[in-house]
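**Student:**
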Amino acid sequence: MTAPVPAAGGFTAAADALVIASVNSPVEADLVADWLHRQQAAYPDAKIDVVTLPADAQESSRLASLVVQLDADENRPVVPVRVFWIPRANASTAHRVLALLPGRDPYHPTERHQRRILRTDPTRARVVAGESATVAELRRDFEETTVGGSPRDFAHFVTRRAALALERAEYRILGPQYKSPRLVKPEILASNRFRDGLEQIPGATVEEAGEMLDELSTGWSRVSVDLVGVLGRMVSRGFDPDIDYDEYEVAALRAALEAHPAVLLFSHRSYIDGAVMPVAMQENRLPPVHVFAGINLSFGLMGPLLRRAGVIFIRRNVAGNPLYKYVLRQYVGYVVEKRFNLSWSIEGTRSRTGKMLPPKLGLMAYVADAYLDGRSEDILLQGVSISFDQLHETTEYADYARGGEKTPEGIGWLYHFIKAQGERNYGKIYVRFPEAVSMRQYLGEPDGPIGADPDAKRLAMQKMAFEVAWRIQRVTPINATALVSALLLTTRGQALTLGQLHHTLQDSLDYLERKQAPMTNSALRLRSPEGVRAAVDTLASGHPITRVDDGWEPVWRIAPEHEHVAAFYRNSVIHAFLETSITELALSHARDADGDRLEVFWDQAMRVRDLLKFEFYFPDSTAFREHIDEEMSWQDAAWTDRVRAGGADIDELLHRKRPLMANAMLRVFFEAYEVVADVLRSAPARVDTDELTRLALGVGRQYIAQGRIRSAEPVSALLFATACQVAADQNLLPEDTTGVDTAELTRRRVAFHRELRDVLRDIDRIERISRDQFVEREALRRSAEHDGAPRR
Numbered sequence: 001m002t003a004p005v006p007a008a009g010g011f012t013a014a015a016d017a018l019v020i021a022s023v024n025s026p027v028e029a030d031l032v033a034d035w036l037h038r039q040q041a042a043y044p045d046a047k048i049d050v051v052t053l054p055a056d057a058q059e060s061s062r063l064a065s066l067v068v069q070l071d072a073d074e075n076r077p078v079v080p081v082r083v084f085w086i087p088r089a090n091a092s093t094a095h096r097v098l099a100l101l102p103g104r105d106p107y108h109p110t111e112r113h114q115r116r117i118l119r120t121d122p123t124r125a126r127v128v129a130g131e132s133a134t135v136a137e138l139r140r141d142f143e144e145t146t147v148g149g150s151p152r153d154f155a156h157f158v159t160r161r162a163a164l165a166l167e168r169a170e171y172r173i174l175g176p177q178y179k180s181p182r183l184v185k186p187e188i189l190a191s192n193r194f195r196d197g198l199e200q201i202p203g204a205t206v207e208e209a210g211e212m213l214d215e216l217s218t219g220w221s222r223v224s225v226d227l228v229g230v231l232g233r234m235v236s237r238g239f240d241p242d243i244d245y246d247e248y249e250v251a252a253l254r255a256a257l258e259a260h261p262a263v264l265l266f267s268h269r270s271y272i273d274g275a276v277m278p279v280a281m282q283e284n285r286l287p288p289v290h291v292f293a294g295i296n297l298s299f300g301l302m303g304p305l306l307r308r309a310g311v312i313f314i315r316r317n318v319a320g321n322p323l324y325k326y327v328l329r330q331y332v333g334y335v336v337e338k339r340f341n342l343s344w345s346i347e348g349t350r351s352r353t354g355k356m357l358p359p360k361l362g363l364m365a366y367v368a369d370a371y372l373d374g375r376s377e378d379i380l381l382q383g384v385s386i387s388f389d390q391l392h393e394t395t396e397y398a399d400y401a402r403g404g405e406k407t408p409e410g411i412g413w414l415y416h417f418i419k420a421q422g423e424r425n426y427g428k429i430y431v432r433f434p435e436a437v438s439m440r441q442y443l444g445e446p447d448g449p450i451g452a453d454p455d456a457k458r459l460a461m462q463k464m465a466f467e468v469a470w471r472i473q474r475v476t477p478i479n480a481t482a483l484v485s486a487l488l489l490t491t492r493g494q495a496l497t498l499g500q501l502h503h504t505l506q507d508s509l510d511y512l513e514r515k516q517a518p519m520t521n522s523a524l525r526l527r528s529p530e531g532v533r534a535a536v537d538t539l540a541s542g543h544p545i546t547r548v549d550d551g552w553e554p555v556w557r558i559a560p561e562h563e564h565v566a567a568f569y570r571n572s573v574i575h576a577f578l579e580t581s582i583t584e585l586a587l588s589h590a591r592d593a594d595g596d597r598l599e600v601f602w603d604q605a606m607r608v609r610d611l612l613k614f615e616f617y618f619p620d621s622t623a624f625r626e627h628i629d630e631e632m633s634w635q636d637a638a639w640t641d642r643v644r645a646g647g648a649d650i651d652e653l654l655h656r657k658r659p660l661m662a663n664a665m666l667r668v669f670f671e672a673y674e675v676v677a678d679v680l681r682s683a684p685a686r687v688d689t690d691e692l693t694r695l696a697l698g699v700g701r702q703y704i705a706q707g708r709i710r711s712a713e714p715v716s717a718l719l720f721a722t723a724c725q726v727a728a729d730q731n732l733l734p735e736d737t738t739g740v741d742t743a744e745l746t747r748r749r750v751a752f753h754r755e756l757r758d759v760l761r762d763i764d765r766i767e768r769i770s771r772d773q774f775v776e777r778e779a780l781r782r783s784a785e786h787d788g789a790p791r792r
């Protein structure tokens with residue numbers, strides 16, 4: 001009924017062998033018996049003993065026969081065998097969904113279904129043999145790694161190893177995207193390493209640890225792998241079904257994953273990210289990832305379903321639970337040791353502002369422990385950039401910015417989320433894989449000094465995490481939504497025509513091309529008026545842009561109530577213009593300075609970098625200075641002489657600079673900081689950050705009403721939270737006010753507020769120059785149109 005299957009080195013012409021046959025039905029028993037008969041015929045001089053065990057061999061009384069066989073000959077190879085049922089090729093979506101029902105799993109068909117398969121398509125039934133190992137080799141591994149020493153304990157160990165060997169054999173048939181850990185709980189609980197550590201925790205029991213492993217344990221069922229595309233498309237409906245990948249990056253990732261286990265750390269802008277990750281791995285025939293998620297997402301039927309789809313649910317607050325932290329650490333170590341891949345958001349939570357948040361190190365510490373414990377010769381930290389043309393969640397983020405509360409997850413929440421996804425077209429999803437970061441490179445050898453120094457370990461992890469985040473940022477493609485939103489936010493509600501939009505965007509596109517920044521096709525199409533119109537009309541169909549059609553020609557604007565949504569998109573592109581924006585602020589600051597203006601320029605550039613370090617990722621100070629010098633040299637090779645001259649020379653540098661971006665990219669942050677600093681001037685020495693944020697929201701709304709702030713965008717609880725971090729970093733929010741000189745503290749707070757006002761005055765100057773450039777371009781554009789010259 002089946003073709004002969006190689007015995008994976010288990011049979012030779014003269015050697016004996018012990019076959020462990022795992023069968024679940026008389027049909028499978030007959031298939032295995034037929035296979036064994038042909039193997040015996042192929043190796044007539046070999047003695048083949050067979051122990052047949054059901055799937056629940058751990059509890060089977062027939063385990064006793066295995067105990068006897070294992071005791072008979074230490075040099076005999078053990079060959080695991082079972083029937084592998086291959087699903088029907090090109091199964092429909094309906095059949096894949098039905099496979100979730102009891103008795104419909106195509107990988108584990110019922111006996112009745114097995115007989116039908118043999119009648120209609122016997123090639124779908126295949127006997128597979130796992131890689132063999134001698135009894136002596138297995139016993140040596142058992143004694144080195146596993147608690148217990150009885151013959152029955154050894155037999156349990158052998159059945160687990162047999163099951164794992166069969167899984168590996170089947171992965172070779174199915175492909176790497178089906179690879180998933182099995183028997184995690186019994187393997188961990190039986191290990192010497194785990195039991196030794198457990199004894200060091202007061203009051204810890206194996207039973208309680210086992211319950212925690214049940215809570216953590218996950219795995220990709222093969223049915224879930226088959227369904228991942230269907231489920232991913234359901235959650236991400238509203239997007240183009242074809243995800244945009246870089247094929248060279250995918251090929252490099254595939255090669256890297258063949259050599260080492262990896263942690264795939266993805267950028268996080270949407271709940272959809274969790275669905276995109278497994279789809280991206282499956283579509284590119286890459287090993288599946290096991291994604292960490294908060295246990296708050298394990299609600300209703302979602303918990304069991306997601307656990308079968310590789311989601312590991314973890315508790316949020318575990319500071320006072322040493323047993324849980326220990327079990328989690330051992331679980332991560334086991335998964336890494338077995339060469340499975342983990343994944344989570346490097347930012348820890350969704351970014352509600354559109355720009356990358358600081359990396360979270362909690363889970364990374366467990367992976368670092370696994371490496372330092374010698375569980376893998378290296379572990380790769382693989383960044384993953386997931387970005388979108390548009391998101392419906394931006395409306396929710398705008399509510400957060402205004403001080404709203406997060407909606408708790410649940411069945412109703414999930415229904416409304418998926419419903420909102422289908423309300424319109426949100427464009428494309430982009431997935432990029434930058435070069436991975438080697439843990440070995442940052443942590444050194446497992447037995448090196450970093451492992452014994454917690455401070456050195458934490459510093460190395462911070463450097464690793466920031467490098468991953470930096471690489472994610474550099475490969476994230478810039479899209480048309482971000483560029484158009486950034487431009488229209490600078491007009492403060494004033495509408496622009498198609499010609500004005502097209503002409504103004506060209507300087508930014510020129511700059512991005514010169515920087516070789518990655519761009520989406522939608523961004524590249526902004527070179528043409530038709531591409532600009534497509535972009536703004538797409539955004540006008542569901543906000544944040546409003547199209548006005550009542551006049552001679554259509555115009556587009558961002559209304560005040562949509563500024564927070566537009567800011568989310570604008571913030572996703574700031575990193576590409578960050579350094580050039582800082583050069584503008586440093587130039588303006590140095591213009592009328594006393595003393596060495598070049599020194600003032602550099603001091604201000606570094607100061608702005610320091611003020612913005614909680615908002616953005618920066619290279620180290622040496623590389624940052626090199627980048628600033630390169631920015632200026634592009635514009636004028638003799639820029640240092642012009643800066644030293646100051647005055648009109650700096651004015652000329654600013655007037656000639658294209659594009660001027662500080663106003664578009666950085667004003668909102670400094671306005672938010674200035675509101676908090678203003679409130680802080682009259683606040684008590686010790687002030688709670690929640691109270692400071694509440695007061696700032698009120699004062700900010702007042703300033704909007706008075707016209708003291710240009711727009712509602714900087715009046716944001718999200719921005720004020722970072723402003724509080726900046727103030728704390730400047731030692732303006734002492735936690736302990738004992739012995740604090742309140743007069744001196746007030747003086748420093750006032751000086752900080754004044755410094756921010758000075759930065760905003762520099763932004764005002766840059767904005768005026770930018771408007772002058774706009775007027776000049778408009779005059780040239782209209783003149784060209786009047787003369788009949790073609791538009792650019």
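By full-length UniProt numbering, the letter at position 631 of the sequence shown is numbered 631, and the numbering carries on one by one without gaps.
Don't be surprised by glycine CBs; every beta carbon is placed ideally from N, CA and C.
1. For the segment 24 to 53, list the alpha helix (DSSP H) runs that are entirely contained and at least 4 residues long, ordered along the chain.
2. Go ahead and pull the three-state DSSP assignment for aspartate 369.
3. Under 8 Å between the Cβ atoms of leucine 718 and valine 643?
4. Any idea if alanine 482 is buried or exposed, counting beta-carbon neighbours within 10 angstroms, 16 or more meaning buried?
5. Go ahead and pull the three-state DSSP assignment for proline 80.
6. Determine which residues share a DSSP beta bridge with histidine 290 and list them.
7. Once the 5 residues before and after alanine 14 are set aside, which same chain residues still bring their CB inside 7 Å of it?
8. Rounded to the nearest angstrom, how far is the Cβ of leucine 264 from that of asparagine 341, given a contact under 8 Å?
9. Can you name the residues that DSSP bridges to methionine 519?
10. So, is leucine 780 buried or exposed, given that buried needs 16 or more other C-beta atoms within 10 angstroms?
11. If we require 3 or more residues per run, which beta strand (DSSP E) segments fall completely within the segment 375 to 416?
12. Which one or two residues does DSSP pair with serine 588 in a beta bridge?
13. Assuming alanine 162 and proline 80 make a contact with CB atoms under 8 Å, what is their CB distance in whole Å?
14. Below 8 Å, how does it come out for the segment 153 to 167 and the segment 67 to 86: are there three or more Cβ pairs, yes or no?
15. Are there three or more Cβ pairs, one per stretch, closer than 8 Å when the segment 348 to 355 is compared with the segment 395 to 411?
16. Kindly indicate which residue of Met661, Trp602, Ile704 and Thr218 has the alpha-carbon position closest to the one of phenylalanine 774.
17. Keeping to the same chain, check which residues put their C-beta closer than 8 Å to that of tyrosine 617; ignore five residues upstream and five downstream.
18. Restricting to runs no shorter than 4 residues, where is the alpha helix (DSSP H) found entirely within the segment 152 to 198?
19. Would you kindly work out how many angstroms separate the C-alpha atoms of threonine 2 and tyrosine 366, rounded to a whole number?
20. Taking the beta strand (DSSP E) that leucine 264 belongs to, which residues open and close that run?
21. When we look at the beta-carbon of glutamate 631 and count the other beta-carbons within 10 Å, is it buried (16 or more) or exposed?
22. Check phenylalanine 313 in the structure and name its three-state DSSP category.
23. Could you tell me the alpha carbon to alpha carbon distance between alanine 672 and tyrosine 248, rounded to whole angstroms?
24. By DSSP, does alanine 779 sit in helix, in strand, or in coil?
25. Give me the Cα-Cα distance between proline 4 and leucine 213, rounded to the nearest whole angstrom.
26. Could you name the residues that DSSP lists as bridge partners for tyrosine 430?
27. So is glutamate 393 buried or exposed if we call it buried at 16+ other beta carbons inside 10 Å?
28. To which residues of the same chain is aspartate 762 closer than 6 Å at the C-beta, ignoring the five residues directly before and after it?
29. By how many angstroms is the C-alpha of alanine 319 removed from the C-alpha of glutamine 39?
30. What does DSSP give as the partner residue(s) for phenylalanine 239 in the beta ladder?
31. May I have the straight-line CA-CA distance separating leucine 363 from asparagine 479, to the nearest angstrom?
32. Thinking just about the alpha-carbon of each residue, which of Pro529, His562, Ile450 and Ser528 is nearest to the one in glycine 542?
33. With distance defined between alpha-carbon atoms, name the residue in Cys724, Thr395 and Leu18 nearest to glutamate 131.
34. What is the rounded straight-line gap between the Cα of glycine 175 and the Cα of valine 51?
35. Our contact map puts leucine 509 next to valine 536 with C-beta atoms below 8 Å; I'd like the distance itself, whole angstroms only.
**Tutor:** The short version:
1. 26 to 42
2. For the purposes of this step, residue 369 is taken as the residue at position 369 of the sequence shown. DSSP places aspartate 369 within a helical segment (H, G or I) once states are collapsed to three.
3. For the purposes of this step, residue 718 is taken as residue 718 along the sequence shown, with counting starting at 1. For the purposes of this step, residue 643 is taken as residue 643 along the sequence shown, with counting starting at 1. No. Outside cutoff.
4. If you number the sequence shown from 1, residue 482 lands on position 482. Buried, since its Cβ has 16 or more Cβ neighbours within 10 Å.
5. Here residue 80 corresponds to residue number 80 of the sequence shown, with the count starting at 1. Of the three classes helix, strand and coil, the one that applies to proline 80 here is strand, per DSSP.
6. Stepping through the sequence shown from its first residue, residue 290 is reached at position 290. DSSP, once it has assigned bridges, lists Leu342 as partnering histidine 290.
7. On the sequence shown, residue 14 is found 14 positions in, with the first residue counted as 1. Note that alanine 14 scores 45 on pLDDT, short of 50, meaning its location in the model is unreliable and no value can be drawn from it.
8. The count along the sequence shown starts at 1 and reaches residue 264 at position 264. The count along the sequence shown starts at 1 and reaches residue 341 at position 341. Contact flag correct, Cβ pair sits at about 6 Å.
9. Translated into the one-based positions of the sequence shown, residue 519 becomes position 519. Under DSSP, methionine 519 takes part in a beta bridge, and its partners are Ile478.
10. Here the question's residue 780 lines up with position 780 in the sequence shown. Label assigned to leucine 780: exposed.
11. 380 to 388
12. For the purposes of this step, residue 588 is identified with residue 588 of the sequence shown, where counting begins at 1. In the DSSP output, where bridge partners are listed per residue, serine 588 has none listed.
13. In the sequence shown, counting from the first residue as 1, residue 162 sits at position 162. In the sequence shown, counting from the first residue as 1, residue 80 sits at position 80. Rounded, the Cβ-Cβ distance is 3 Å, consistent with contact.
14. yes
15. Yes, since at least three Cβ pairs between the segment 348 to 355 and the segment 395 to 411 fall closer than 8 Å, the two stretches touch.
16. Counting from one through the sequence shown, the residue named residue 774 turns up at place 774. Ranking the options by Cα distance to phenylalanine 774, first place goes to Met661.
17. Within the sequence shown, the letter at position 617 stands for residue 617. Met356, Phe466, Ala469, Trp470, Gln473 and His575.
18. Runs of the alpha helix (DSSP H) lying entirely within the segment 152 to 198, each at least 4 residues long, are 184 to 189 and 192 to 198 in chain order.
19. Taking the first residue of the sequence shown as position 1, residue 2 is located at position 2. Taking the first residue of the sequence shown as position 1, residue 366 is located at position 366. Interpretation of threonine 2 is limited by its pLDDT of 38, a score under 50 that renders its predicted location unreliable; no figure is taken from the coordinates.
20. Looking up residue 264 in the sequence shown gives position 264. Note, leucine 264: beta strand (DSSP E), 262 to 266.
21. Start at 1 with the first residue of the sequence shown, and residue 631 comes out as number 631. Looking at its Cβ environment, which holds 16 or more other Cβ atoms inside 10 Å, glutamate 631 is buried.
22. Position 313 of the sequence shown, counted from the start, is the residue given in the question as residue 313. Reduced to three states, the DSSP call for phenylalanine 313 is strand.
23. For the purposes of this step, residue 672 is taken as the residue at position 672 of the sequence shown. For the purposes of this step, residue 248 is taken as the residue at position 248 of the sequence shown. When rounded, the distance between both Cα atoms is 41 Å.
24. Translated into positions along the sequence shown, residue 779 becomes position 779. Three-state DSSP puts alanine 779 in a helix.
25. Numbered from its first residue, the sequence shown carries residue 4 at position 4. Numbered from its first residue, the sequence shown carries residue 213 at position 213. Annotation note: pLDDT 38 at proline 4 (below 50); position unreliable, no value reported.
26. Position 430 of the sequence shown, counted from the start, is the residue given in the question as residue 430. Looking at the DSSP assignment, tyrosine 430 forms a beta bridge with Asp244 and Ser387.
27. Start at 1 with the first residue of the sequence shown, and residue 393 comes out as number 393. Classification of glutamate 393: buried, given that the 10 Å Cβ count is 16 or more.
28. As a working mapping, residue 762 is identified with position 762 in the sequence shown. Excluding positions up to five away in sequence, the list reads Leu585, Ser588 and His589.
29. Reading the sequence shown from its first residue, position 39 is the one you call residue 39. Reading the sequence shown from its first residue, position 319 is the one you call residue 319. So the alpha carbons of these two residues sit roughly 57 Å apart.
30. Within the sequence shown, residue 239 is the residue found at index 239, counting from 1. DSSP lists Gly427 as partners of phenylalanine 239.
31. Your numbering for residue 363 matches position 363 in the sequence shown. Your numbering for residue 479 matches position 479 in the sequence shown. C-alpha separation (whole angstroms): 31 Å.
32. Residue numbering aside, residue 542 sits at position 542 when the sequence shown is read from its first letter. Nearest option by C-alpha distance: His562.
33. Walking along the sequence shown from the start, residue 131 turns up at place 131. Here the closest residue by C-alpha is Leu18.
34. Counted from its first residue, the sequence shown places residue 175 at position 175. Counted from its first residue, the sequence shown places residue 51 at position 51. Between glycine 175 and valine 51, the C-alpha separation is close to 29 Å.
35. Start at 1 with the first residue of the sequence shown, and residue 509 comes out as number 509. Start at 1 with the first residue of the sequence shown, and residue 536 comes out as number 536. Going by Cβ atoms, the distance from leucine 509 to valine 536 rounds to 15 Å, so no, they are not a contact pair.
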